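Undergrad: This structure is in structure tokens; I'll ask about it shortly.
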Amino acid sequence: MNVLYRTTATATGGRDGRVATTDGALDVALGTPKELGGAGVGANPEQLFAAGYAACFLSAMKFVGSQGGHAKVSADASVNATVGIGPRSDKGFGLEVALEISLPGVDRAEAEALVAEADTVCPYSHATRGNIAVTLTVA
Numbered sequence: 346m347n348v349l350y351r352t353t354a355t356a357t358g359g360r361d362g363r364v365a366t367t368d369g370a371l372d373v374a375l376g377t378p379k380e381l382g383g384a385g386v387g388a389n390p391e392q393l394f395a396a397g398y399a400a401c402f403l404s405a406m407k408f409v410g411s412q413g414g415h416a417k418v419s420a421d422a423s424v425n426a427t428v429g430i431g432p433r434s435d436k437g438f439g440l441e442v443a444l445e446i447s448l449p450g451v452d453r454a455e456a457e458a459l460v461a462e463a464d465t466v467c468p469y470s471h472a473t474r475g476n477i478a479v480t481l482t483v484a
């Protein structure tokens with residue numbers, strides 16, 4: 346793979362600590378959600394993953410739309426990413442993701458085709474495929 350961009354983030358203190366990128370663009374206080382036994386103050390890794398996946402998937406849709414053969418993605422398009430965490434039956438914890446995609450002005454069949462193609466392009470989708478359950482829904 347020809348890497349075009351790299352970034353590095355450092356976490357300290359785990360779920361009740363802080364995470365920051367070495368370039369200073371991101372610096373976030375972390376906190377464990379109440380549902381996982383924490384105080385519920387601060388961002389958590391699942392929120393960061395949801396934000397990243399939503400933004401990346403929307404960018405993948407824009408890319409696919411710009412290549413021809415699919416509808417263009419309008420400025421009011423959106424992706425809601427819901428990330429769930431819970432215990433796995435074997436050991437540890439696992440994730441699940443639900444992406445809800447809104448493509449105003451695009452008919453359902455074309456929207457579903459665009460989303461399916463974006464799913465093959467998005468690096469988050471590629472990384473999660475076969476590892477966690479991901480549901481794609483066109484709203």
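Counted the way this note's numbering counts, the sequence shown spans residues 346 to 484.
Glycine residues also receive a C-beta, built at the ideal position from the N, C-alpha and C atoms.
Since this is a predicted model, take the numbers as computed values, not measurements.
Which stretch, first to last residue, makes up the alpha helix (DSSP H) that contains threonine 473?
TA: That run of the alpha helix (DSSP H) goes 468–473.
Undergrad: Kindly indicate which residue of Leu403, Thr427, Ala384, Phe408 has the alpha-carbon position closest to the one of leucine 393.
TA: Among Leu403, Thr427, Ala384, Phe408, the Cα nearest to that of leucine 393 belongs to Thr427.
Undergrad: How would you write the range of the beta strand (DSSP E) that leucine 448 sits in, first residue to last?
TA: Taken as a continuous stretch (DSSP letters only), leucine 448 belongs to no beta strand (DSSP E), as it is neither H nor E.
Undergrad: Tell me whether the beta-carbon of alanine 454 lies closer than 8 Å to the beta-carbon of phenylalanine 402.
TA: Not closer than 8 Å, so no.
Undergrad: So within the segment 373–434, which uninterrupted beta strand (DSSP E) runs reach at least 3 residues, ignoring any that extend past its ends?
TA: Runs of the beta strand (DSSP E) inside the segment 373–434: 423–432.
Undergrad: Give the range of the beta strand (DSSP E) segment to which threonine 357 is assigned.
TA: Threonine 357 -> beta strand (DSSP E) spans 354–357.
Undergrad: Using CA coordinates, which residue listed in Ser423, Ala478, Ala356, His415 is at the minimum distance from leucine 440?
TA: The option with the nearest alpha carbon to leucine 440 is Ala478.
Undergrad: When we look at the beta-carbon of tyrosine 398 and count the other beta-carbons within 10 Å, is it buried (16 or more) or exposed?
TA: Buried: at least 16 other Cβ atoms inside 10 Å.
Undergrad: Using 8 Å as the Cβ pair cut-off and three pairs as the minimum, do the segment 378–392 and the segment 413–420 touch?
TA: Verdict: no, contact absent.
Undergrad: Should valine 466 and alanine 405 be called a contact, given that it needs their Cβ atoms to be closer than 8 Å?
TA: In this structure, alanine 405 lies closer than 8 Å to valine 466 by Cβ.
Undergrad: Quick one, which of Ala456, Thr366, Ala395 has its alpha-carbon nearest glycine 410's?
TA: Out of Ala456, Thr366, Ala395, Ala456 has the C-alpha closest to the C-alpha of glycine 410.
Undergrad: Run the CB neighbour count on serine 423, radius 10 Å, all protein chains shown included, and call it buried at 16 or more, exposed below.
TA: When all chains shown are included, serine 423 counts as exposed.
Undergrad: Leaving out five residues on either side along the sequence, give the residues of the same chain with a beta carbon under 8 Å from the beta carbon of alanine 354.
TA: If we look at alanine 354 and ignore the five residues flanking it on each side, its Cβ neighbours are Val364, Ala365, Thr366, Thr367, Leu371.
Undergrad: Give me the DSSP bridge partner(s) of glycine 439.
TA: Looking at the DSSP assignment, glycine 439 forms a beta bridge with Gly431.
Undergrad: For the ligand NAP, is there a heavy atom less than 7 Å away from the beta-carbon of alanine 399?
TA: Although the ligand NAP was asked about, the structure shown includes no ligands whatsoever.
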